[in-house]
Amino acid sequence: MHRIQLRRMSSHGKSSLRSSAVAPRKSTLPADDVQSFRAALREVLSERDDQGRVWSAAKWGVYAFYDYDGEPIYVGQTKEKLSVRVQRHLTNQRTDAVAMRVLDVFEVAEIEIWPLWQYEDLKKSDGAERFRAAERDLNAHEYTAYLEAIDKSRHKAILNEKIPPVSEPIALPASLRRSLISEQTRRERGHPDIRIARRAETISRLAAVTRERGEVSEGLRRVLVVQAVRLAYLSAERLAFVEGHPIPDPAAIDVTALVGSVLHERSEPDDPEDTEDAIESADTTEPYGELDLFSEY
Numbered sequence: 167m168h169r170i171q172l173r174r175m176s177s178h179g180k181s182s183l184r185s186s187a188v189a190p191r192k193s194t195l196p197a198d199d200v201q202s203f204r205a206a207l208r209e210v211l212s213e214r215d216d217q218g219r220v221w222s223a224a225k226w227g228v229y230a231f232y233d234y235d236g237e238p239i240y241v242g243q244t245k246e247k248l249s250v251r252v253q254r255h256l257t258n259q260r261t262d263a264v265a266m267r268v269l270d271v272f273e274v275a276e277i278e279i280w281p282l283w284q285y286e287d288l289k290k291s292d293g294a295e296r297f298r299a300a301e302r303d304l305n306a307h308e309y310t311a312y313l314e315a316i317d318k319s320r321h322k323a324i325l326n327e328k329i330p331p332v333s334e335p336i337a338l339p340a341s342l343r344r345s346l347i348s349e350q351t352r353r354e355r356g357h358p359d360i361r362i363a364r365r366a367e368t369i370s371r372l373a374a375v376t377r378e379r380g381e382v383s384e385g386l387r388r389v390l391v392v393q394a395v396r397l398a399y400l401s402a403e404r405l406a407f408v409e410g411h412p413i414p415d416p417a418a419i420d421v422t423a424l425v426g427s428v429l430h431e432r433s434e435p436d437d438p439e440d441t442e443d444a445i446e447s448a449d450t451t452e453p454y455g456e457l458d459l460f461s462e463y
């Protein structure tokens with residue numbers, strides 16, 4: 167009788183184990199702060215303009231990322247879709263900027279997007295000249311946003327590995343700028359000591375990539391210097407606060423003297439496949455991006 171009861175208990179235990187062994191949804195696996203970040207991103211990418219259009223649904227456009235101080239840190243463009251491109255950076259991490267450790271997703275606190283609705287229905291079949299003219303216009307929008315980011319930056323430099331093609335500045339269209347972090351995340355991640363440690367780790371990873379690959383772009387080495395400047399200033403700012411001294415002048419570090427002009431490339435890349443545009447084109451054949459952010463599974 168006792169053996170039978172044990173078997174029943176064992177059988178019951180196995181049955182319970184099987185019934186409870188259900189794989190969780192992938193969307194529930196990330197840490198709470200990551201889930202909060204993605205929820206905010208999902209909300210931003212769903213916002214509509216005054217004409218009822220979803221801002222991020224535009225196929226052509228420009229975007230920018232800002233850090234916890236509101237400092238611009240990265241500017242990019244897309245011809246596939248703003249929402250897809252942004253998600254590749256911030257959720258799937260399938261872009262060169264993230265893979266090469268140029269852009270730290272945990273440093274991104276705000277996003278701004280400029281959709282170019284005038285090219286919504288443009289196709290390559292519409293003619294090579296028309297398509298190239300639209301690409302030149304897209305480049306001009308990106309370069310203008312880049313110049314504005316440089317102007318607003320403390321150190322007059324941001325983390326773009328490749329500087330956008332030099333173009334005549336133009337008037338940018340209406341944009342959407344929103345925060346991607348909650349107040350709790352800002353309190354937790356935004357502490358200067360945490361940011362200093364994180365930025366130092368990012369620099370270490372970027373330096374490791376540079377060392378391991380050896381043959382990297384001049385732009386990647388420039389980003390390493392700019393990121394080091396950002397770390398040095400953040401550390402000096404923290405020291406001044408602790409000692410009760412005035413916050414140091416950002417101009418104390420002359421980035422231009424360290425890396426040269428950040429308004430144009432000093433030389434073109436040897437391999438066009440090294441550019442962000444080439445990586446974007448290569449990725450368009452696979453439906454990444456939206457599936458990762460909006461899927462429940």
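With my numbering, the residue at position 149 of the sequence shown is 315, and numbering never jumps. A virtual CB, placed ideally from N, CA and C, is assigned to each residue, including glycine.
- Message: With distance defined between alpha-carbon atoms, name the residue in R377, F297, K192, M266 nearest to L325.
- Response: M266
- Query: Can at least three beta-carbon pairs, one atom from the region 381-389 and one from the region 316-331, be found at a separation below 8 angstroms?
  - Reply: yes
- Can the beta-carbon of W221 be found less than 8 angstroms from the beta-carbon of E213? yes
- Measure the CB-CB distance between A418 and L397 and report whether it falls below 8 angstroms. no
- Is it true that the CB of A311 sits closer than 8 angstroms to the CB of L338? yes
- With distances taken from CA atoms, which of V200, R208, V421 is nearest H464? No statement about residue 464 is possible, as the shown extent of the chain runs from 167 to 463 and does not include it.
- Task: State the DSSP-derived secondary structure class of T261, mapped to helix, strand or coil.
- Result: coil
- Task: Could you pull the start and end residues of the alpha helix (DSSP H) that Y312 belongs to?
- Result: 294-318
- Task: Give the DSSP bridge partners of I277, in chain order.
- Result: F231, R344
- Task: Determine the closest residue to F203 out of I362, I360, R355, K290, with distance taken between C-alpha atoms.
- Result: R355
- Message: Our contact map puts Y285 next to A306 with C-beta atoms below 8 angstroms; I'd like the distance itself, whole angstroms only.
- Response: That pair is no contact at about 13 angstroms.
- Query: So V271 is in the beta strand (DSSP E); what residue range does that whole segment cover?
  - Reply: Premise fails: V271 is in no beta strand (DSSP E) and is neither H nor E.
- Own chain, CB closer than 6 angstroms to A373, minus 5 neighbours either side, in chain order: none
- Is the Cβ-Cβ distance between Q243 and V228 less than 8 angstroms? yes
- Just reading off the alpha helix (DSSP H) that V250 is part of, what are its end residues? 248-253
- Query: By DSSP, does I468 sit in helix, in strand, or in coil?
  - Reply: The chain is shown only over 167 to 463; residue 468 falls outside these bounds and no answer can be derived.
- Query: When you compare only the Cα positions, how much space is there between S348 and D292?
  - Reply: 44 angstroms
- Going along the chain, which residues of its own chain have a beta-carbon closer than 6 angstroms to the beta-carbon of P358, five neighbours each way excluded? R404
- Message: For A538 and D303, what's the separation of their Cα atoms in angstroms?
- Response: Because the chain spans 167 through 463 in this model, residue 538 falls outside it and cannot be assessed.
- Is the beta carbon of A340 sitting closer than 8 angstroms to the one on P238? no
- Task: Mark E273 as exposed unless 16 or more other C-beta atoms lie within 10 angstroms of its C-beta, in which case mark it buried.
- Result: buried
- Tell me where the alpha helix (DSSP H) around Q350 begins and ends. 349-355
- Query: Taking all protein chains shown into account, do 16 or more other C-beta atoms lie within 10 angstroms of the C-beta of S433, making it buried, or fewer, making it exposed?
  - Reply: exposed
- Message: Can you give me the C-alpha to C-alpha distance between Y234 and Y240, rounded to a whole angstrom?
- Response: 13 angstroms
- Between which two residues does the alpha helix (DSSP H) carrying T422 extend? 421-425
- Query: Under three-state DSSP, which class holds E439?
  - Reply: Bear in mind that the predicted position of E439 carries a pLDDT of just 40, short of 50, making it too unreliable to give a figure here.
- Item | Inter-residue CB distance, L248 and A230 (contact presumed, cutoff 8 angstroms) | Going by Cβ atoms, the distance from L248 to A230 rounds to 12 angstroms, so no, they are not a contact pair.
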